[in-house]
Amino acid sequence: MPTPDELKARLWKALRSDMTVMLGLVGGEHGHARPMTSQIEEGDHGPLWFFTSKDNALIQKLGGGGAQDAGVQFVSKGHDLWASIEGTLREDTDRAVVDRLWNPHVAAWYEHGKDDPKLALLRFDPQKAEIWLDASSIVAGAMVALGISDPKESYKDNVATVRL
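Residue numbers (our numbering): 5 to 168.
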């Protein structure tokens, strides 16, 4: 049974590995989110960074203003960890961050490289997450079938709300 801190550490590890999330603004888009590839720098903390285009709807909705409430939905590739992450999203213009995070996968999207006029960078600062860990397995299933374990009790031990 993982502790909340262990679930949090597993979330950061999975985010660094799997990278694709659903990102959306709270309120203004009726729950609409879009797939985005996140990048995380060192450690088990944010922010999450997203390279995108100036014509992306998120950039348009942010309107060059300050941070807005946003959400990230995440499912690990193995479907063994899920998370709903609350935080704030804003456009960031720090060239040093662009330089640090630039890589061949990002470069493939921008014809003029780091100086492409369409290049935009989003910064998501996570504040809180609810994390679920899939407790299903052959052993867990057998224990339930034999009456050794209560799935409702097992589930409670595999979900946590954590501050990020």
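Glycine residues also receive a C-beta, built at the ideal position from the N, C-alpha and C atoms. Note that the structure is a prediction, hence the values are computed from the model and not measured.
Taking all protein chains shown into account, decide if residue i is buried (16 or more other Cβ within 10 angstroms of its Cβ) or exposed.
i	result
ARG167	exposed
THR56	buried
PRO5	Checking the sequence shown, residue 5 turns out to be Met, not Pro. So MET5 ends up on the exposed side.
SER42	buried
ALA18	buried
PRO51	buried
ARG4	Since the first residue of the chain shown is 5 and the last is 168, residue 4 is not available in this structure.
TRP113	exposed
ALA74	buried
LEU27	buried
ALA100	exposed
ALA133	buried
Start and end of the alpha helix (DSSP H) containing residue i?
i	result
LYS17	8-22
PRO108	108-111
ASP103	99-105
Among residues of its own chain, excluding the 5 on either side of residue i, which ones have a beta-carbon nearer than 7 Å to its beta-carbon?
i	result
ALA164	PRO8, LEU11, ILE135
Skipping 5 residues on each side, what residues in its chain have a beta carbon closer than 6 Å to that of residue i?
i	result
ASP59	none
ASP129	GLY50, PRO51, GLY91, THR92
Determine the extent of the beta strand (DSSP E) in which residue i is found, giving its start and end residues.
i	result
ALA164	163-167
Which residue or residues does DSSP assign as beta-bridge partners of residue i?
i	result
TRP136	TRP86, VAL163
VAL25	MET40
- Could you tell me which uninterrupted alpha helix (DSSP H) segments, each at least 4 residues in length, are contained entirely in the stretch 40-87, listed from first to last along the chain? 61-66
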